[in-house]
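Notes for the one structure printed next.
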Amino acid sequence: MIHLNMEQLMKTLTTLFNLYEANRASQSICRNEGEFHSFYVLLHLGLNHHDSESLSLWFRHIPTLIIKSKEMCFARRILRCYRVGNYKRFIATVEEEASNLQFFIVEPYVNEVRIMALSCISYGGYKLQPYALSNLSRILMMKESDVESLCIRCGLEISTSGTEKGLSCTKPSDTHKLTRGFEKFYPVDSERIDRLCEVLSAF
1 MIHLNMEQLM KTLTTLFNLY EANRASQSIC RNEGEFHSFY VLLHLGLNHH
51 DSESLSLWFR HIPTLIIKSK EMCFARRILR CYRVGNYKRF IATVEEEASN
101 LQFFIVEPYV NEVRIMALSC ISYGGYKLQP YALSNLSRIL MMKESDVESL
151 CIRCGLEIST SGTEKGLSCT KPSDTHKLTR GFEKFYPVDS ERIDRLCEVL
201 SAF
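Printed below as a string of structure tokens:
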């Protein structure tokens, strides 16, 4: 259902862009045009290489004023962070800058980025020193109990040292346990995101 909704939204945005272009005055953009273009970019998160090439060609036809808009700068940063695997900057940028609708487009990818982060940290960490869940909680912007739950769902080992729980490092062969597409979504632990969700739920 989500895939079909995203596909329909992509088609609707394409039609909207054609209308913008047909009615464009010289060197001007319409109100909210930057935000609608940012939605199109964010919808390309997780798409294949062919679609990425199409997006690169699409960028060439976008007016400079739109490319430099606040909304498009946000979308481009998110896309870049997602593609290079910068999970810390991806999550922080979403938490700090996403608008209501931008957040709900990006939301399905937040868990995926968190799982990627767990893979990097568990594989690249020091084997004899577990990575504290309290630190992971800050990086992934999750409640500590949710971090533990996500680690367990990913098949990762949690150890306890004194009163501190931590993520144990794994062997390279263990990383295949990390999976995607969990039905359970762990909320972003942020007062700003909570307010965005409250505003949208009020309608």
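In the UniProt record's numbering, the protein residues as written are 1 to 203.
In this text, a Cβ means the ideal position worked out from N, Cα and C, and glycines have one as well.
Neighbour-count burial assignment, residue i, 16 or more Cβ in a 10 Å radius
i	result
V147	buried
K61	The question names Lys, but residue 61 in the sequence shown is His. H61 is exposed by the Cβ-count criterion.
M10	exposed
K165	buried
G181	The pLDDT assigned to G181 is 49, lower than 50, so where the model puts this residue is not dependable; a value taken from the coordinates is nonetheless given after this. By the neighbour-count rule (16 or more Cβ atoms within 10 Å), G181 is not buried but exposed.
H176	Low local confidence applies: a pLDDT of 47 at H176 is under 50, so the model's placement there is unreliable, with the coordinate-based value given in what follows. Classification of H176: exposed, given that the 10 Å Cβ count is below 16.
L47	exposed
V41	buried
G85	exposed
A22	exposed
G162	exposed
E191	exposed
E33	buried
I91	buried
L136	buried
S69	buried
Distance CB(residue i)-CB(residue j) smaller than 8 Å
i	j	result
F36	N111	no
V199	E95	no
I105	I66	no
Y109	L57	no
E71	S119	no
I193	F59	no
C169	S134	no
T93	R77	yes
M6	L43	yes
Rounded distance between the beta-carbons of residue j and residue i, thought under 8 Å
i	j	result
L156	L140	No, L156 and L140 are not in contact; Cβ-Cβ is about 13 Å, not under 8 Å.
N100	L13	The pair is not a contact, with the Cβ atoms about 17 Å apart (cut-off 8 Å).
L107	F74	Checking the sequence shown, residue 107 turns out to be Glu, not Leu. E107 to F74, Cβ: 15 Å. No contact.
Min CB distance residue i to chain B below 8 Å
i	result
E144	Judged by its chain identifiers, the structure shown contains no chain B, having just a single protein chain.
*Could you say if the segment 146-166 and the segment 111-127 meet the contact criterion of at least three C-beta pairs nearer than 8 Å?*
yes
*Could you pull out every unbroken alpha helix (DSSP H) segment of at least 4 residues lying fully inside the segment 141-166, listed in chain order?*
144-153
*Let me know the alpha helix (DSSP H) ranges lying completely inside the segment 52-109, each 4 residues or longer, listed in chain order.*
64-67, 70-84, 87-97
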